[in-house]
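Trainee: This note's numbering applies: residue 374 is where the sequence shown begins, and numbers increase by one. I'd like to ask some things about the structure below.
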Amino acid sequence: TFLNKNLRKSYRDFLLEQSEIMITIGTATKRFYIDKLLVVCEGAGVAYRNPNSFLNKVVGVVDIGGITTDFLFFKDMNLAREHSFSEAKGMHHLKMAIRDALKKEGCYLTTHEIKYLVSNPGEHKYLVEKNINSFIENIRRAITVRSWSSSMQLIFVGGGSETLMRQINNKFPNSTISTGCLFDNCIGNYQIGVLKWQKNLKDRKEK
């Protein structure tokens, strides 16, 4: 969606349809009003959270999410759209593959049970590991097909990267797994907001 200008605008317009947002946490309710909206690329937060890891470098970010795995190609902090892409094969895809493999063996488990099986396979270790390795190999293959250099620095983010840390390290020994996989987007996007706000304040003062 982000890489397509028209889809990005359509998504922005959709979000602006509801300019008032109410959020309740516990007994506290807060009301927010959207004044300005900036749509950023999912997975890019790590670049703004750790800019020194991206400056004057070519870096690939692999964001393993629930539904998709996003591949972002950065050149000196700038997203290279022509080399970035997304695949509809996130952690849900992996869980369903494990579920179907177990079903063939006569073992029927719910989606909720599969979630915990990925990290603690127990007696199903062989089948679970086989499917995880296939999932990780698909990531390697996708990168190769898109002609990402084998020597390029890779940073893995997203909840899936945290869950599959051991297997990622085995397949990509020279890669880095973010220490804040679950919060890179949250904290990084907050930093984008800070930068935008500082720029707006500076522009107002200059006027």
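The beta-carbon is built from N, C-alpha and C at its ideal position, and this holds for glycine as well. Computed from a predicted model, the values in this text were never measured in an experiment.
(1) Check whether the region 483-501 and the region 423-436 are in contact - that is, three or more C-beta pairs closer than 8 Å.
(2) When you compare only the Cα positions, how much space is there between Leu411 and Arg385?
(3) I want to know whether the region 463-475 touches the region 520-538 - three or more CB-CB distances under 8 Å.
(4) Just how far apart, CA to CA, sit Tyr489 and Leu482?
(5) Establish whether the CB of Lys575 and some CB of chain D are separated by less than 9 Å.
(6) Would you mind sorting Asn451 into buried or exposed? The rule is 16 or more other CB atoms within 10 Å of its CB.
(7) Report the three-state DSSP secondary structure of Gln571 (helix, strand or coil).
(8) Nearest to Ala453 by alpha carbon, out of Gly439, Arg519, Ile394 and Arg513?
(9) Assuming contact is defined by CB atoms lying nearer than 9 Å, are Asp557 and Gly531 in contact in what I supplied?
(10) By the DSSP assignment, the beta strand (DSSP E) with Thr397 in it spans what residues?
(11) Check Phe508 in the structure and name its three-state DSSP category.
(12) Which residue comes first and which comes last in the alpha helix (DSSP H) that contains Ala401?
(13) Are the beta-carbon atoms belonging to Ser457 and Leu376 less than 9 Å from one another?
Mentor: Reading it off the structure:
(1) no
(2) 8 Å
(3) yes
(4) 11 Å
(5) Going by chain labels, chain D is absent from the structure shown, which holds only one protein chain.
(6) exposed
(7) helix
(8) Arg519
(9) yes
(10) Glu393 to Ile398
(11) helix
(12) Ala401 -> not in any alpha helix (DSSP H); beta strand (DSSP E) instead, spanning Ala401 to Tyr406.
(13) yes
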